[in-house]
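Going by this note's numbering, the first residue of the sequence shown is number 53, and it counts up by one from there. Glycine included, every Cβ here is placed at the ideal spot set by N, Cα and C. To keep things clear, I will list the structure first and then write my remarks on it.
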Amino acid sequence: MMHAFFLSFSLALAALQQPPADAAPAFGFPVKCIVGQSCLIQKLVDHDPGPGRRDYRCGLLTTNGHDGIDVRLRTMADMRMGFAVIAAAPGTVLRTRDGEPDVSVNDRAALDGKDAGNAVVIDHGEGWQTQYSHLRQGSIAVRAGQRVAVGDRIGLIGLSGNSEFPHLHFTVRHRGEVVDPFVGTTALPLCNVEARLAGLWTPGAAQMLGYKPAAVITGGLASTVPAKAVTERDPPPGLNGRQAPMILWVDAIGARAGDRQMFSITGPNGQIVHDQQSVIADGGLSWFAYSGKRAPAAGWPSGRFVGRYRLQRGDAVVAQIETPGWIK
Ligand SMILES: [Zn+2]
53 MMHAFFLSFS
63 LALAALQQPP
73 ADAAPAFGFP
83 VKCIVGQSCL
93 IQKLVDHDPG
103 PGRRDYRCGL
113 LTTNGHDGID
123 VRLRTMADMR
133 MGFAVIAAAP
143 GTVLRTRDGE
153 PDVSVNDRAA
163 LDGKDAGNAV
173 VIDHGEGWQT
183 QYSHLRQGSI
193 AVRAGQRVAV
203 GDRIGLIGLS
213 GNSEFPHLHF
223 TVRHRGEVVD
233 PFVGTTALPL
243 CNVEARLAGL
253 WTPGAAQMLG
263 YKPAAVITGG
273 LASTVPAKAV
283 TERDPPPGLN
293 GRQAPMILWV
303 DAIGARAGDR
313 QMFSITGPNG
323 QIVHDQQSVI
333 ADGGLSWFAY
343 SGKRAPAAGW
353 PSGRFVGRYR
363 LQRGDAVVAQ
373 IETPGWIK
């Protein structure tokens, strides 16, 4: 009797462990970069069915109708250095496109429907597909019909198609419907979803993808205000002598109305040469800000200066950067 009991129990367990129909693959992070260091998450999937925008944590790190996750690089130089885009799960390459130039969409007359730019689509079976968009021209390393393993390089991060900055737009679809890999197909309530507890990511990817409501992409000390668009500050200006102004600039993600931003610049002996704070009136997914001052009558002293920027929400610092510059 005991034996029969165990037998039926284990059969029941086996039935429970049957994967549901169309079980999703676990997705690895699709870029060889470290989030928060060499790359940043700029945008998430929009969950607002109307004209508004809402990410899986009910934050604003998305735009209306955005159907993927944007993994961006900090500078054009990083794009040229080359960051590999890799298959998020094993599968078969369905289709590829190459030949689109790496220029900002603002500098193109027409995209002719090629919004994804250079792109790869991988089929993972059971109706699951992933798409990798805006890849670098000439970097596509796979062809249609080819089997790929998770982690195989399929291209490099680029700027092709409908793109204003070097990034990968990564989309997951199941039977043609967009799925947010942070949420998966289960009807989880939004807002409190934790990436490491839910969703379709592998544990390693989920670990790296904790929700960051704001971040500084890049910044610097310069004698002139750089262009807001990353494509137009390549390379960004630097400090230009003892008589020129000194400006701390930052390019950030996710500033909000009511946030406090603090700029400070210290000189070669640690003395504060500039200090300014303000409360942000509007904010936005993309946030470009700067503050600085003219050179003193005697000119700046020679040596190393350090610019510090902090974005504060309530008592919490949500983003910051420290960036050096030199006066000869
Ligand atoms: Zn995107």
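Every beta strand (DSSP E) stretch that sits fully inside the segment 107-180 and reaches 3 residues is listed by chain position as 121-125, 136-138, 143-149 and 170-177.
In this structure, Gly207 has its beta carbon at no less than 7 angstroms from each heavy atom of ligand 1.
DSSP places Thr254 outside both helix and strand once states are collapsed to three, so it counts as coil.
For Tyr342, the enclosing beta strand (DSSP E) begins and ends at Gly335 to Lys345. Around the beta carbon of Val331, a 10 Å sphere encloses fewer than 16 other beta carbons of the protein chains shown; the residue is thus reported as exposed. One thing to note: Gly310 has its Cβ no nearer than 8 angstroms to the Cβ of Ala266. Thr270 sits in a strand when the DSSP states are folded into three classes. Going down the chain, each residue whose beta-carbon is closer than 6 angstroms to a heavy atom of ligand 1 shows up: Lys95, His118, Gly120, Asp122 and His221. It is roughly 53 angstroms from the alpha-carbon of Val202 to the alpha-carbon of Pro353. Within the model, the alpha-carbon separation for Arg312 versus Thr114 is close to 22 angstroms. Contact check for Trp301 against Pro287 fails: the beta carbons are separated by 8 angstroms or more. The DSSP-derived three-state label of Glu284 is helix. Cβ-Cβ separation between Gly293 and Gly377: approximately 12 angstroms, too far for a contact (criterion under 8 angstroms).
Inter-segment contact for the segment 119-127 and the segment 99-109 is absent: fewer than three beta-carbon pairs are separated by less than 8 angstroms.
Contact between the segment 215-227 and the segment 253-261 is absent: fewer than 3 CB-CB pairs across the two stretches fall below 8 angstroms. Bounds of the beta strand (DSSP E) holding Ser316 are Arg312 to Thr318.
Counting only runs of 3 or more residues that sit fully inside the segment 200-226, the beta strand (DSSP E) segments are 205-208 and 219-226, in chain order. By the neighbour-count definition (other C-beta atoms within 10 Å, threshold 16), Met133 is an exposed residue.
Membership of Ala76 in any beta strand (DSSP E) is not indicated, and neither H nor E is assigned to it by DSSP.
Residue environment analysis places Ile324 among the exposed positions, since fewer than 16 neighbouring C-beta atoms fall within 10 angstroms of its C-beta. Per DSSP, reduced to three states, the secondary structure at Gln259 is helical.
The count of Cβ pairs closer than 8 angstroms, one atom from the segment 183-190 and one from the segment 150-160, reaches three, so the stretches are in contact. With a cut-off of 8 angstroms on Cβ pairs, the segment 136-152 is in contact with the segment 165-185, counting three or more such pairs.
Residue state for Trp378 is assigned as strand, using DSSP reduced to three classes.
The beta-carbon separation of Thr182 and Val137, rounded to 11 angstroms, does not stay under the 8 angstroms limit for a contact. Around the CB of Gly355, fewer than 16 other CB atoms lie within 10 Å, so the residue is classed as exposed.
Within a 10 Å sphere around the beta-carbon of Asp164 sit fewer than 16 other beta-carbons, which makes this residue exposed.
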